[in-house]
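First comes the structure, then the notes that go with it.
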Amino acid sequence: RSLGSLPPLRRAMTSFTVNAILEETSKRDKDYRYMATSDLLSELQKESFKPDTDGEKKICKAILKLLNDQSSDVQGLAVKCLPPLVRKVHDAQVDAIITELCKFVLEGKEEQRDICAIALKTVVVEMPSSMGGAAARQLVPRLVSGVLKDKLEVKLESMDILNDVLRRFGSLLKPELSAQCNDALFAQLASTRAATRKRAISCIAALSAALSDKLLSQLVGSIVERMKMPAVDLDLGRTYIQTLSAISRSGGYRLRRPPGAGGAPL
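Written out as structure tokens, the structure is:
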């Protein structure tokens, strides 16, 4: 039930409790902030707790602020608030959370990026399935831009999060967005850094399970053709083989089809 369906006295008490807790989250003493965040988590975990629209906005704003708290203990509790929060608030608030967290991952300072990446992964895993299409459309282009950045930490975090998005919502991507994602990831296979190549392979495997037969065939065909090039060294050749292996584990039955029947050209 929403707060609007609660008896007036109980609704007033609930709103008062939340407002009091949110006020405590802004105290200078980190112990007060920690206890207030713990209390907020307890409220969010109650089945009966359903904030109104104004309450949703206040809670989301407070949790985003707590994720950037100076205390790592407070930050950790704020992350724990996200699973029950995204299951209770309206889609617009989840969108706002995703937008803000993604901004910190791509543009924030190192300490912001680390905790916000954890928070964003949590939201991706916990958000309602009904939000998958909208979340994928909003997140994938931003994360692809992160994959293409020169800064290694941003690139790796973007691929980690993208992997989770693709595994959960990859089938909801439109062909043009799948192709954009595929192009960005394929380029990372030639990276000189093993960590980049490893994450790219994992993302491509997750994406391949959701690609159309045509795009999957093009992807595998591109890898096979590149493996034949004289300029391909041992490391890159090994990377291509590992990628094909990962793709086969994600959708091996499709690779066994004849190319004319939607299979890949192996």
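What the sequence shown shows, in our numbering, is residues 1 to 266, in sequence order.
Glycine included, every Cβ here is placed at the ideal spot set by N, Cα and C.
Check, Outcome
"Should V165 and L139 be called a contact, given that it needs their Cβ atoms to be closer than 8 Å?", "yes"
"Is V147 closer than 8 Å to L101 when the C-beta atoms are compared?", "no"
"According to the neighbour-count rule (16 or more other Cβ atoms, all chains shown, within 10 Å of its Cβ), is P175 buried or exposed?", "exposed"
"What are the complete alpha helix (DSSP H) segments, minimum 4 residues, inside the segment 123-165?", "132-147"
"When you compare the segment 48-62 with the segment 70-77, are there three or more beta-carbon pairs, one atom per stretch, that lie closer than 8 Å?", "no"
"State the DSSP-derived secondary structure class of R113, mapped to helix, strand or coil.", "helix"
"Any idea what DSSP makes of K46, helix, strand or coil?", "coil"
"For G170 and D29, what's the separation of their Cα atoms in angstroms?", "43 Å"
"Can A205 be considered in contact with the ligand NAD, in the sense that its beta carbon sits closer than 7 Å to one or more heavy atoms?", "Ligands displayed in this structure: none; no statement on the ligand NAD is therefore possible."
"So, at 6 Å on beta carbons, what are the nonlocal neighbours of M13 in its own chain, with the 5 sequence-adjacent residues on each side left out?", "Any reading at M13 needs caution, since the residue's pLDDT is 44, under 50, leaving its predicted position unreliable; the model's value is listed next. Taken in chain order, the list of residues that qualify is empty."
"Quick check: the Cα distance between M227 and V125, rounded to an integer number of angstroms?", "35 Å"
"In terms of residues, what are the limits of the alpha helix (DSSP H) holding V232?", "Taken as a continuous stretch (DSSP letters only), V232 belongs to no alpha helix (DSSP H), as it is neither H nor E."
"Starting from L207, follow the alpha helix (DSSP H) in both directions and report where the run begins and ends.", "194-208"
"Any chance you could list the beta strand (DSSP E) runs of at least 3 consecutive residues sitting entirely within the segment 69-123, in chain order?", "none"
"If you run the structure through DSSP and keep just helix, strand and coil, what is K174?", "coil"
"In whole angstroms, what is the alpha-carbon distance linking S191 and D160?", "16 Å"
"By the DSSP assignment, the alpha helix (DSSP H) with T53 in it spans what residues?", "53-66"
"Can you tell me whether N182 is buried or exposed? The criterion is at least 16 other CB atoms within 10 Å of its CB, across all chains shown.", "buried"
"Which of the three DSSP states, helix, strand or coil, is assigned to L268?", "Since the first residue of the chain shown is 1 and the last is 266, residue 268 is not available in this structure."
"If you compare alpha carbons, which of I223, D95, L216 is closest to A134?", "D95"
"What separation, rounded to the nearest whole angstrom, lies between the Cα atoms of P51 and D235?", "54 Å"
"Would you say L189 and R197 are within 8 Å of each other, going by their C-beta atoms?", "yes"
"Taking DSSP as the reference, what is the three-state secondary structure of L41?", "helix"
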